[in-house]
Amino acid sequence: MKVYLLRHGQDTLDKRGGWSNEPLTSTGVEQIEKAAYLLESIKFDAVISSDLLRTVETTAILRSLLNLNNISYCRQLREVNNGLLAGMDNKVAEKRFPNLYWNTLKWDEQYPEGESPKEFYERIQQCWNRIIKENDDKTTILIVAHSGVFEVIQHLIYRTDYSNKEQSYKIKTGEFVVIESEQI
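At the far end of the sequence shown sits residue 266, using the working numbering, and the numbering has no gaps.
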């Protein structure tokens with residue numbers, strides 16, 4: 083099995099992400115068109131996408147350029163639930179919640195009306211295990227999701243300790259990594 087982890091294209095930069103429903107920017111659309119070019123020779127047996135707008139738009143572009151089928155949307159693949167900060171203008175967020183960022187949260191501390199790093203990790207772990215189990219007969223899978231989601235998945239794959247304090251596996255918007263079966 084090969085699993086392609088593709089991060090959505092760039093969305094609005096002046097707002098907090100997380101569970102925001104911001105659309106792709108023109109740069110984000112271009113990024114996904116370039117990614118599609120790199121993926122055009124690959125036949126995906128399954129495509130699983132987060133259901134947030136930026137990933138849904140990313141998947142729609144890929145669907146049209148790559149003639150994708152077998153697409154499903156998974157709420158569990160959403161980025162961290164940043165609660166009240168989702169989609170909030172960065173300047174407003176800094177005034178209302180000074181110095182509140184993902185890497186400043188304690189392991190079991192939740193975003194206001196959101197989730198904690200522990201809850202996020204456990205959600206992604208359960209989702210990843212389910213995806214692998216339900217698709218064990220597939221050869222090639224594409225997952226379209228978010229940086230934080232792929233951070234957790236790669237920690238699970240490589241059996242390394244996960245922390246919200248620093249990022250170990252960076253995937254830029256519109257880019258992807260490939261995970262080979264012996265790693266899964």
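Here a beta-carbon is modelled for each residue, glycine too, at the ideal position from N, C-alpha and C.
The model shown is predicted, which means the values in this text are computed figures rather than measured ones.
Using only the alpha-carbon positions, how far apart do residue i and residue j sit?
i: Asn163; j: Ala117; result: 27 Å
i: Ile225; j: Val129; result: 6 Å
i: Tyr183; j: Ile266; result: 31 Å
i: Ile253; j: Gln192; result: 25 Å
i: Arg145; j: Val260; result: 19 Å
i: Lys173; j: Glu233; result: 26 Å
i: Lys84; j: Thr222; result: 5 Å
Going by CA-CA distance only, name the one from the options that's closest to residue i.
i: Leu95; options: Ala168, Arg212 and Met83; result: Ala168
i: Val111; options: Pro199, Phe258 and Asp93; result: Asp93
i: Ile235; options: Trp101, Ser102 and Cys209; result: Cys209
i: Thr137; options: Leu147, Glu104, Lys97 and Tyr244; result: Glu104
i: Ala142; options: Glu197, His90, Ser102 and Ile213; result: His90
Run through DSSP, which three-state label would residue i get?
i: Ser146; result: helix
i: Ile153; result: strand
i: Arg285; result: Because residue 285 is not part of the residues shown, which for the chain are 83 to 266, the question remains open.
Just to check my reading of the structure: residue i and residue j have Cβ atoms closer than 8 Å, yes? What is that Cβ distance to the nearest angstrom?
i: Ile114; j: Gly230; result: Between Gly230 and Ile114 the Cβ distance is about 19 Å, and since that is not below 8 Å, they are no contact.
i: Leu332; j: Glu161; result: The question about residue 332 has no answer, for the chain in this structure spans 83 to 266.
i: Asn246; j: Leu159; result: Rounded, the Cβ-Cβ distance is 18 Å, inconsistent with contact.
Complete beta strand (DSSP E) runs within the segment 96-143 (minimum length 3 residues, chain order)
128-132
Identify every run of the alpha helix (DSSP H) within the segment 151-189, keeping only runs that are complete inside it and at least 4 residues long; order them along the chain.
172-178
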